[in-house]
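**Q** So for the sequence shown, the numbering used here puts the first residue at 1; every next one is plus one.
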Amino acid sequence: MVKRTQIVIIDDDAKAVEKLKDMLGDYPDLQVVGTAGAANYGLKLINELKPALLFLDIELPDANGVA
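1) Mind the definition here: the segment 9-17 touches the segment 49-56 only if three or more C-beta pairs lie below 8 Å; say whether that holds.
2) Helix, strand or coil for Ala-36? Go by DSSP, reduced to three states.
3) Excluding sequence positions up to five away, which residues of its chain have a Cβ less than 6 Å from the Cβ of Thr-35?
4) Would you tell me roughly how many angstroms separate the C-alpha atoms of Asp-26 and Asp-62, rounded to the nearest one?
5) Among Leu-20, Asn-40, Leu-24, which one has its Cα closest to the Cα of Arg-4?
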């Protein structure tokens with residue numbers, strides 16, 4: 001069994017999240033394990049799932065994705 005790279009996506013644009021999930025689905029070694037539309041929930045997902053890769057929107061409704 002191939003170990004898949006776990007990914008979390010944090011973005012408040014639901015269409016962008018779905019498009020990115022669809023695009024990543026073309027790669028069998030990648031697995032989206034969680035998504036969040038806000039920073040607070042996204043931080044909980046990161047701490048819980050400890051993904052190897054994170055796609056992070058820099059303009060979120062409840063925080064700045066840069067700082």
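Using N, Cα and C, we set each Cβ at its ideal position, and we do this for glycine too. Treat the numbers as computed from the prediction; the structure is a model and nothing was measured.
**A** Straight from the coordinates:
1) yes
2) strand
3) Ile-9, Val-17
4) 31 Å
5) Leu-24
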